[in-house]
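Here's the structure we're looking at; comments come further down.
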Amino acid sequence: MIKLLLSRRIGNLVGFFVCAGMLAVGYYLELVVGLEPCPLCILQRLLLVAVGVAFLVAALHHPQGGFGAGLYGGVIAFIAAIGIAVAGRHVWLQHLPPEKRPACGPALDYLLSAFGPVEGLSRVLRGSGECGVVDWTLLSFSIPEWTLAAFVVFAIWAVFLARRA
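Residue numbers (my numbering): 31 to 195.
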């Protein structure tokens, strides 16, 4: 029973469902509670989608060889590492004193349409004043702090699953 619960396929499905649950909570907080996501929050959501899809594809494909499992684990860990960087930047902005935070900037869709994807993304990653505001906490941790922890766990989980025989 334990071996089945810790199989790569089940482990990848667990990763997918955790990502889906986190996205569901994010949309609940946006659509029901009324929290407006900042540009860095939107990027973190997109990275959660990417990690979740990678977990799902790994579960559905379920390669038998070590190379395929390692490839999926590496891709998931790489996407999660990008998520760690974005969430880490967001957490850093939240812990800056208010007078040192960057000024509030335009919305993500405007940045991408006005400056193109590369420059727009660069401006988003610099952050804005709205990214430094903590609107909601759970057990005294903000949403980006929880997301940062989740990306770390996803990277470790992906490597663990890839190394399983």
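Don't be surprised by glycine CBs; every beta carbon is placed ideally from N, CA and C.
Looking at the strands, I want to know which residues DSSP matches up with serine 172. Within the sequence shown, residue 172 is the residue found at index 142, counting from 1. In the DSSP output, where bridge partners are listed per residue, serine 172 has Thr167.
_Buried/exposed call for arginine 193, threshold 16 Cβ in 10 Å_ = For the purposes of this step, residue 193 is taken as the residue at position 163 of the sequence shown. Arginine 193 comes out exposed.
- Query: Straight-line CA distance for phenylalanine 47 to histidine 125?
  - Reply: The sequence position of residue 47 within the sequence shown is 17, counting from 1. The sequence position of residue 125 within the sequence shown is 95, counting from 1. In a straight line, the C-alpha of phenylalanine 47 is about 30 Å away from that of histidine 125.
Which residue marks the beginning of the alpha helix (DSSP H) containing histidine 92, and which one marks its end? For the purposes of this step, residue 92 is identified with residue 62 of the sequence shown, where counting begins at 1. It is not in any alpha helix (DSSP H) - histidine 92 carries neither H nor E in the DSSP assignment.
| said: Determine whether the beta carbon atoms of leucine 23 and alanine 117 lie at a separation below 8 Å. | reply: Residue coverage of the chain in this structure runs from 31 to 195, which leaves residue 23 outside it and unanswerable.
(message) Can you check which of these residues, Pro93, Ala88, Leu169, Val79, is closest to glycine 51 by C-alpha distance?
(response) The sequence position of residue 51 within the sequence shown is 21, counting from 1. Taking only the C-alpha atoms, the option nearest glycine 51 is Val79.
Is it right to say glutamate 175 is buried, meaning 16 or more other beta carbons lie within 10 angstroms of its own, or is it exposed?
For the purposes of this step, residue 175 is identified with residue 145 of the sequence shown, where counting begins at 1. So glutamate 175 counts as buried.
Worksheet entry | Opening and closing residue of the alpha helix (DSSP H) in which leucine 43 lies | Counting from 1 along the sequence shown, the entry for residue 43 is found at position 13. Run containing leucine 43: 38 to 58, per the alpha helix (DSSP H) assignment.
Where does glutamine 94 land, buried or exposed, given buried means 16+ other C-beta within 10 angstroms?
Counted from its first residue, the sequence shown places residue 94 at position 64. Glutamine 94 comes out exposed.
*Contact check, alanine 188 vs alanine 107 under 8 Å by CB: the rounded distance?*
Within the sequence shown, numbered from 1, the residue matching residue 188 stands at position 158. Within the sequence shown, numbered from 1, the residue matching residue 107 stands at position 77. About 5 Å separates the two Cβ atoms, so the contact holds.
(request) Select from Val148, Arg38, Ile112, Ser172 the residue whose C-alpha is nearest the C-alpha of glycine 103. (result) Residue mapping note: residue 103 aligns to position 73 of the sequence shown, counting from 1. Closest option to glycine 103, Cα to Cα, is Arg38.
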